[in-house]
Each structure stands twice: as structure tokens, then as C-alpha cells.
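Read the structure below first, then the notes.
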Amino acid sequence: MLLLRLVAVIAVIAIGVNLVLFLSQRDPRHLQRAWRIAQFAVLFALIMAALFFFERALLPIAG
Numbered sequence: 018m019l020l021l022r023l024v025a026v027i028a029v030i031a032i033g034v035n036l037v038l039f040l041s042q043r044d045p046r047h048l049q050r051a052w053r054i055a056q057f058a059v060l061f062a063l064i065m066a067a068l069f070f071f072e073r074a075l076l077p078i079a080g
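In C-alpha cells form, the structure reads like this:
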């Protein structure tokens, strides 16, 4: 859970920095980078949620 929070905080900071850079420089690469960071953060969150789900679902079977 701590890892998920850490990744979320880092992703929000990185997206914010890229948006500020886009607003100051008007370079579309910064928007693309912010979008890519958001995609990876959501993907990471979904993978973590799936792992938590399978842990809960398989724990009664193994235990």
C-alpha cells in the first residue's frame, strides 16, 4: 500500500511539472509525457489492485 501511495505522489508531481512546463513553453512533448505518466500510473494501480484482489481471493484456499 505504501508503494502505491509513493507512486501516486510521484506521478502527480511529475504530471504537475510537465503541465507547468507546457504552459510556460507551449511544447506539446510535455503534454504527451504527462499523459504517458498518467497512463502508467493508472496501469500500475490496476496491477496492484489485481494483486490485492488475488491475495484476498486465494488466501482462504491456501490457508
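All residue numbers for the sequence shown refer to the numbering used here, where the first residue is 18 and numbers rise by one.
From the three backbone atoms N, C-alpha and C, an ideal C-beta is built for every residue, glycine too.
Computed from a predicted structure; not experimentally measured.
Cβ atoms of Leu-21 and Ala-62 come within 8 angstroms of each other, at about 7 angstroms.
When the five nearest sequence neighbours on each side are left out, the beta carbons in the same chain lying within less than 8 angstroms of the beta carbon of Asp-44 are those of Leu-38, in order along the chain. In the displayed model, Met-18 falls within coil according to three-state DSSP, outside both helix and strand.
Rounded to the nearest whole angstrom, the CA to CA distance from Val-59 to Phe-71 is 18 angstroms.
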